[in-house]
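Please read the structure below before turning to the comments.
Numbering (my numbering), first residue to last: 5 to 209.
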C-alpha cells in the first residue's frame, strides 16, 4: 500500500481531484464522508456536539443540521476549536481503522483530508502528501459563483483554514488547479504517474 494524503483549501477543487484519482485506480478514504458518519445519531461525536452546541443544531428527525452548526462555528474561533476537538479524534479513529484494512494491499490509498495538519503524516503513516493548490481569489470566486455562498461566509471559511503557503510548504507533490478542467486532468495524470511508480517500488521493497 502507498498511503497518500490529499488536501487543499475550500474551493480548491480537491474533491474533483479525488474523483479523478479514483478513476485512475486509487482507493479513497474520505475524511468529510467519515465526518458525516461520526455525527449521525448514535455516532461517536453526536452526543458531545448536542451537549456543547444545544438542541438548536438538530433537525426535526434528530439529525444534526450541518449548515446550522457551520454558521455557529466558522465565525467563532472558540466554537470552531470545540467542534474540531469533538469531531477530529472520532474521524481519525475511523480513518486509522480503514487504513489498517488496506495495509497488506498493493493499492494507492488516498486519504482525503481537508484540514490536514503535520501530525496527520505520522498518525496515518502517510508516504506522500499531495496538495491541490488554487489562488485564494479563484477559490473565493468558485465558492461565491459556483456554490452560491455569501461572500462573507466564503471568506470566513477560507480564513478558518491553514494558509495556502502552509499547505504548499507541507506538500510532496502539488497539483495546480488554477486553470480549466483539461489542465487539471493533465496535472492529475502527472501526479498519478508518480504515485503509481512509488506504489510499485513499495511492492518490490
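Where a beta carbon is used, it is the ideal one built from N, C-alpha and C, also for glycine. The structure displayed is predicted, hence computed values, not measured ones.
Once you ignore the five residues that flank residue 111 on each side, which residues in its own chain have a CB closer than 7 Å to its CB? Non-local C-beta neighbours of residue 111 in its own chain, meaning closer than 7 Å and more than five positions away in sequence, comprise 5 and 31, ordered along the chain.
With respect to the beta strand (DSSP E) encompassing residue 178, which residues constitute its N-terminal and C-terminal limits? Run containing residue 178: 177-180, per the beta strand (DSSP E) assignment.
If you drop the 5 nearest sequence neighbours on each side, which residues of the same chain put their C-beta closer than 6 Å to that of residue 26? Excluding sequence neighbours, residue 26 sits near 32.
Cβ pair residue 182, residue 139 closer than 8 Å: Yes, these two residues count as a Cβ contact at 8 Å.
Confirm, please, whether the CB-CB distance from residue 48 to residue 94 is below 8 Å. Result yes, Cβ atoms of residue 94 and residue 48 sit closer than 8 Å.
Taking the alpha carbon of residue 40 as the reference point, which residue from 67, 15 and 24 has its own alpha carbon closest? Looking at the Cα atoms, 67 is the closest of the given residues.
Specify the secondary structure class of residue 38 as computed by DSSP and reduced to three states. Correct three-state label for residue 38: helix.
To the nearest angstrom, how far is the alpha carbon of residue 63 from that of residue 35? In a straight line, the C-alpha of residue 63 is about 23 Å away from that of residue 35.
For the structure I just gave you, are there three or more beta carbon pairs, one from the stretch 7-25 and one from the stretch 67-78, closer than 8 Å? Contact between the stretch 7-25 and the stretch 67-78 is absent: fewer than 3 CB-CB pairs across the two stretches fall below 8 Å.
With distances taken Cα to Cα, identify the nearest neighbour of residue 17 among 50, 118 and 160. Out of 50, 118 and 160, 118 has the C-alpha closest to the C-alpha of residue 17.
Which residue marks the beginning of the alpha helix (DSSP H) containing residue 87, and which one marks its end? Here the alpha helix (DSSP H) through residue 87 covers 81-106.
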